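Numbering (UniProt numbering), first residue to last: 1 to 68. Working notes for the structure below.
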């Protein structure tokens with residue numbers, strides 16, 4: 001999964017470099033989501049993984065606020 005995440009993050013970074021005058025909204029963008037019928041969805045098989053990742057991100061943010 002680390003290799004996939006690296007590739008995903010790398011692709012996002014390249015899109016940002018290729019479009020420097022456009023501010024891209026990447027909030028909520030994660031590699032486990034996909035586009036279906038012009039909407040970003042979480043496939044059922046990845047729902048638990050996404051939930052766990054979002055909880056980890058929230059905990060990291062809360063720790064940073066406590067330390068800051």
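From the three backbone atoms N, C-alpha and C, an ideal C-beta is built for every residue, glycine too. In this text the structure is predicted, and so the values were computed from the model without any measurement.
{"query": "Alpha-carbon to alpha-carbon, residue 18 and residue 53", "result": "28 Å"}
{"query": "C-alpha gap between residue 51 and residue 37, whole angstroms", "result": "22 Å"}
{"query": "Contact check, residue 15 vs residue 24, beta carbons under 8 Å", "result": "yes"}
{"query": "Identified DSSP bridge partners for residue 39", "result": "36"}
{"query": "First through last residue of the alpha helix (DSSP H) which encompasses residue 3", "result": "2 to 18"}
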